[in-house]
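Chains as they are written, first to last, in the working numbering: chain H, 1 to 803; chain G, 804 to 923.
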């Protein structure tokens, strides 16, 4: 007979548990109550939503079809208010009474709000749910002074998101150093330095006493009497198990709902899982053990209780504003027989500490480089005597290959904490489904589809286990130059090579081909900021005659119309030229410009001269155009002057080359009429600020651009675009569009190395861009002083009487 | 084999090193390339879709020096006129013997190989 199973709480732990129960094929009619109105989403990724990297759809774990497919009744937006354990029913906030045979509590946790006077003022938030996140997004922006109370993981994630949204952020922490539960004071100070470097202020040892302001928050006052200004406050001071309902129902509750090793509560028909539980006095805040709990619960409720739940040593691997932080085990150095081994490199911002007790590893802290974490977790788990390894505690033995690490991992060890995938599950999937790529592995197991930090480990497991696995080799450029682009760039710089031919003579076969020559042409140009030896024989025909070759060998001519703005006299000249040279087709392009198609090579210089307009570079790998919408000058809805900003941006970047074509757009309001969200670089005007987005595409594929930064003024927006453009010019592979570049590097890395890079790094990018710009010129001016027979078809001195 | 009938085309300086230029001789279009050490001439019409080979980039494929058609990257051997890429193609373009005299490029209707034989 089918049993009625009711789950209270539609979050990650509860739904994952139900998913496990369904996998056991148990005959349950499942009803899930969730007080949020959304389907089950990845709460860990809310920080990415706050930082504008992901939309809600991207973080959904189980869409509504999943509920339907499994016959699960989802009651979203309904809060359970009371439980009648005798009648075995739950009462919902909608007045419904639902009977159960088995009940699972997965009520999660609530934000802990410390007693602070005035914390009910407007502009003070906790951050726990998707709706909280959306409110924060709406409140944040340039000019907003945001204060985050709490310097733990959640607080730092909030700080990162608010900073990306343009806020001026201060983190206030009550303890002496950040993340005091995971880090020692030195590790905390390294993290503080990193945060300061990224522009987030950190105040430690500060206890917040009052929220100041009249109705709306205006500042904070601390126990020492000092104050700061703030018009947005996020309280991230920790979480508390949401156990009130269980307590009211008479279940045994300490801080959390007390559960046995098999996740049973004090009522045999009621179980609990997730952050609301307390197991052997321990509470839970990280997701990995909660998935383990779910599996144990699923086994128990379906009548196959196994070994039961064992909380592993707490370990946390995190990426905070792009900084790797890892902590595991016991960091208490005061116990007898304890010693610590440290490594510090202040310039690199790397700090590592191992806590040893009687030659066995008990705890570890890593900041800035957490790549060896599995080694340490394994040592803690196995309690191995490390006497023989003392010389290699902080650096792996030199002979170790990439498979060494993963070979040491136990099959039961969780690789992907977000989705709860173990090493064993990955290996099983690889064997069962013949998986040989990371993409297939993601598709099959969902490993590394959450925060993505475990992708490298997944890759290593694949490499070690899959017979077909082939590592993505750094490809050589072509048969002529048997080096990859990275190496060639390096050679150009270090050997001070200024011409394509030098590169081909020294590192290639002396002749080259259509693959390597344009690439090297681009590389020497960028490496020397335009101060290279230009060799037209290495350029594609388009870049020899500054027009786009068509299928019949004629060319197309697209004059520059900055921001898509033209004048009556330009239009007249275009019309006159089209008439005079019998141009077969005049076409409005997708880039807000006009294209004269079917022009003979010999006519190009005359046409350019008569047009009296600069080259639009529509034929080359370079800055194409900046599309604009009408903007605030004329549009009823415009909030920013899109045309003026777009024209200025185009003027600053025109005539520069890039790894592939680069298309820009500037829009004056979020209606996005010039489609800035699918451009390589887009500026999106809002009331009082600009969003700068990068890596968008609307070509073979469609990709929504990533938010790079939010800034207050159009000058700052233009500068952010310039910095990104130069970064792309210097770091992307030739023929790599910005959207592939962003996919390869990830927006976090790009942000860290562009707008949040150190001042001198940013200044260097701008400086090199300006140098290149100063040496650039309108290519169509070559029409006046052409190179040797640049545009001519040669007339022979003699001819045959018959051919 | 035809006896070469040489005609004068243009000063060697009209064709920049490692580039090609198109010459129209009656109804025929010829692409002449300056390879630095010598000059070669082939029909200026890719066997694929008629692309202007004179506008292509001089390239290599194995031991052959080729020109890459600017339209779809077919590679044509500039010594033999044979299409080298895609490799399955059996197509060929006409070649012309070239000689330099008094600073002028001269070509002949005879294929390039004939001139090499004559020189040998």
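Even glycine gets a Cβ: it sits at the ideal position worked out from N, Cα and C.
List the residues that DSSP assigns as beta-bridge partners of residue 282 of chain H. Position 282 of the first chain, counted from the start, is the residue given in the question as residue 282 of chain H. Per DSSP, H/279.
CB contact flag (residue 204 of chain H, residue 178 of chain H, <9 Å): Here the question's residue 204 of chain H lines up with position 204 in the first chain. Here the question's residue 178 of chain H lines up with position 178 in the first chain. Yes; because the gap between Cβ atoms is below 9 Å, this pair is in contact.
Using only the alpha-carbon positions, how far apart do residue 480 of chain H and residue 860 of chain G sit? In the first chain, the residue the question calls residue 480 of chain H occupies position 480. In the second chain, the residue the question calls residue 860 of chain G occupies position 57. So the two alpha carbons sit approximately 14 Å from each other.
If you draw a straight line from the C-alpha of residue 794 of chain H to the C-alpha of residue 872 of chain G, how long is it? Position 794 of the first chain, counted from the start, is the residue given in the question as residue 794 of chain H. Position 69 of the second chain, counted from the start, is the residue given in the question as residue 872 of chain G. If you take the alpha carbons of residue 794 of chain H and residue 872 of chain G, they lie about 19 Å apart.
So is residue 605 of chain H in contact with chain G if we call contact Cβ pairs under 9 Å? As a first step, residue 605 of chain H must be located in the first chain, where it is residue number 605. False, the Cβ-Cβ gap to chain G never drops below 9 Å.
Grab me the residues of residue 272 of chain H's own chain with a C-beta within less than 6 Å of its C-beta, minus the 5 sequence neighbours each way, in chain order. The count along the first chain starts at 1 and reaches residue 272 of chain H at position 272. Cβ neighbours of residue 272 of chain H beyond the five flanking positions: 105, 257, 259 and 265.
If contact means a Cβ-Cβ distance below 8 Å, which residues of the region 812–829 of chain G contact chain H? 812, 813, 816, 817, 818, 819, 820, 821, 822, 824, 825, 826, 827, 828 and 829
Going by CA-CA distance only, name the one from H/207, H/197 and H/155 that's closest to residue 175 of chain H. One-based indexing of the first chain puts residue 175 of chain H at position 175. That would be H/207, whose Cα lies nearest to the Cα of residue 175 of chain H.
Can you find a C-beta in chain H that's less than 9 Å from the C-beta of residue 906 of chain G? Taking the first residue of the second chain as position 1, residue 906 of chain G is located at position 103. Not one chain H Cβ lies under 9 Å of residue 906 of chain G.
Suppose you measure from the CA of residue 851 of chain G to the CA of residue 895 of chain G; what does that come to, to the nearest Å? Working through the second chain from its first residue, we reach residue 851 of chain G at position 48. Working through the second chain from its first residue, we reach residue 895 of chain G at position 92. Cα-Cα distance, rounded: 10 Å.
Among the candidates H/251, H/596 and H/546, whose CA atom is the shortest distance from the CA of residue 783 of chain H? As a working mapping, residue 783 of chain H is identified with position 783 in the first chain. Of H/251, H/596 and H/546, the residue nearest in Cα terms is H/546.
How is the alpha helix (DSSP H) around residue 189 of chain H delimited, first residue to last? Looking up residue 189 of chain H in the first chain gives position 189. Note, residue 189 of chain H: alpha helix (DSSP H), 185–197.
Do residue 262 of chain H and the ligand ATP come close, with the Cβ less than 8 Å from some heavy atom? You won't find the ligand ATP in this model; it holds no ligand whatsoever.
Within-9 Å CB hit, residue 841 of chain G to chain H: For this step, residue 841 of chain G is matched to residue 38 along the second chain. For residue 841 of chain G, the answer is no, since every Cβ of chain H falls outside 9 Å of its Cβ.
Which residue wins for smallest C-alpha separation from residue 195 of chain H, given the options H/321, H/314, H/253 and H/231? For the purposes of this step, residue 195 of chain H is identified with residue 195 of the first chain, where counting begins at 1. Measuring from the Cα of residue 195 of chain H, the nearest candidate turns out to be H/321.
Whole angstroms are fine: how far does the CA of residue 543 of chain H sit from the CA of residue 645 of chain H? Looking up residue 645 of chain H in the first chain gives position 645. Looking up residue 543 of chain H in the first chain gives position 543. Cα to Cα, residue 645 of chain H sits roughly 28 Å from residue 543 of chain H.
With distances taken Cα to Cα, identify the nearest neighbour of residue 666 of chain H among H/592, H/685 and H/654. The residue given as residue 666 of chain H occupies position 666 in the first chain. Residue H/685 is the option with its Cα nearest to residue 666 of chain H.
Buried or exposed: residue 822 of chain G, going by 16 or more other Cβ atoms within 10 Å of its Cβ? Locating residue 822 of chain G in the second chain gives position 19, where the first residue counts as 1. When all chains shown are included, residue 822 of chain G counts as buried.
Cβ atoms of residue 683 of chain H and residue 747 of chain H: under 9 Å apart, would you say? Position 747 of the first chain holds residue 747 of chain H. Position 683 of the first chain holds residue 683 of chain H. No, the pair does not count as a contact, with Cβ atoms beyond the cut-off.
Below 8 Å CB to CB, which residues in the same chain sit around residue 730 of chain H once its five sequence neighbours on both sides are set aside? The residue labelled residue 730 of chain H in the question sits at position 730 within the first chain. Contacts found: 526, 765 and 768.
Curious, which full-length alpha helix (DSSP H) runs of at least 4 residues does the region 534–567 of chain H contain? 541–545
Cβ of residue 808 of chain G less than 9 Å from any chain H Cβ? Numbered from its first residue, the second chain carries residue 808 of chain G at position 5. So, interface residue.
Measure the alpha-carbon distance for residue 331 of chain H versus residue 362 of chain H and round it to whole angstroms. On the first chain, residue 331 of chain H is found 331 positions in, with the first residue counted as 1. On the first chain, residue 362 of chain H is found 362 positions in, with the first residue counted as 1. Answer to the nearest angstrom: the Cα atoms are 7 Å apart.
Kindly indicate the opening and closing residues of the alpha helix (DSSP H) around residue 133 of chain H. By one-based count along the first chain, residue 133 of chain H stands at place 133. Element bounds for residue 133 of chain H: 130–139.
Please determine, among H/234, H/117 and H/732, the residue with the shortest C-alpha to C-alpha distance to residue 111 of chain H. Taking the first residue of the first chain as 1, we reach residue 111 of chain H at position 111. Comparing Cα-Cα distances from residue 111 of chain H to each of H/234, H/117 and H/732, the minimum goes to H/234.
Is the Cβ of residue 792 of chain H closer than 9 Å to any Cβ of chain G? If you number the first chain from 1, residue 792 of chain H lands on position 792. Output row for residue 792 of chain H: interface = yes.
Backbone CA spacing between residue 614 of chain H and residue 351 of chain H [nearest angstrom]: Residue mapping note: residue 614 of chain H aligns to position 614 of the first chain, counting from 1. Residue mapping note: residue 351 of chain H aligns to position 351 of the first chain, counting from 1. If I take the Cα positions, the gap works out to 54 Å.
Closest by C-alpha distance to residue 222 of chain H, when choosing among H/117, H/606 and H/161: The count along the first chain starts at 1 and reaches residue 222 of chain H at position 222. Minimum Cα distance to residue 222 of chain H is reached at H/117.
Return yes when the Cβ of residue 485 of chain H is within less than 9 Å of the Cβ of residue 429 of chain H, no when it is not. Within the first chain, residue 429 of chain H is the residue found at index 429, counting from 1. Within the first chain, residue 485 of chain H is the residue found at index 485, counting from 1. No. Outside cutoff.
Residues that residue 537 of chain H contacts on chain G, provided the C-beta gap is smaller than 8 Å: Sequence index remark: in the first chain, residue 537 of chain H carries index 537 (1-based). By Cβ distance, chain G contributes 819, 820, 821, 822, 860 and 861.
Residue 587 of chain H to residue 714 of chain H span [Cα, whole Å]: What you label residue 587 of chain H is simply residue 587 of the first chain in a count that begins at 1. What you label residue 714 of chain H is simply residue 714 of the first chain in a count that begins at 1. Answer to the nearest angstrom: the Cα atoms are 32 Å apart.
Mind checking if residue 878 of chain G is an interface residue toward chain H, Cβ cutoff 9 Å exclusive? Counting from 1 along the second chain, the entry for residue 878 of chain G is found at position 75. It does: the Cβ of residue 878 of chain G has a partner Cβ on chain H nearer than 9 Å.
Could you check what DSSP says for residue 863 of chain H in three-state terms: helix, strand or coil? The structure shown does not extend to residue 863 of chain H, since chain H is modelled only from 1 to 803, so the question has no answer here.
Return helix, strand or coil for residue 241 of chain H, following the three-state DSSP convention. As a first step, residue 241 of chain H must be located in the first chain, where it is residue number 241. Residue 241 of chain H: strand per DSSP, three-state reduction.
The alpha helix (DSSP H) spanning residue 610 of chain H covers which residue range? Indexing the first chain from 1 puts residue 610 of chain H at position 610. 604–611 is the span of the alpha helix (DSSP H), which, as asked, contains residue 610 of chain H.
Three or more C-beta pairs under 8 Å: does that hold for the region 626–634 of chain H against the region 558–572 of chain H? yes
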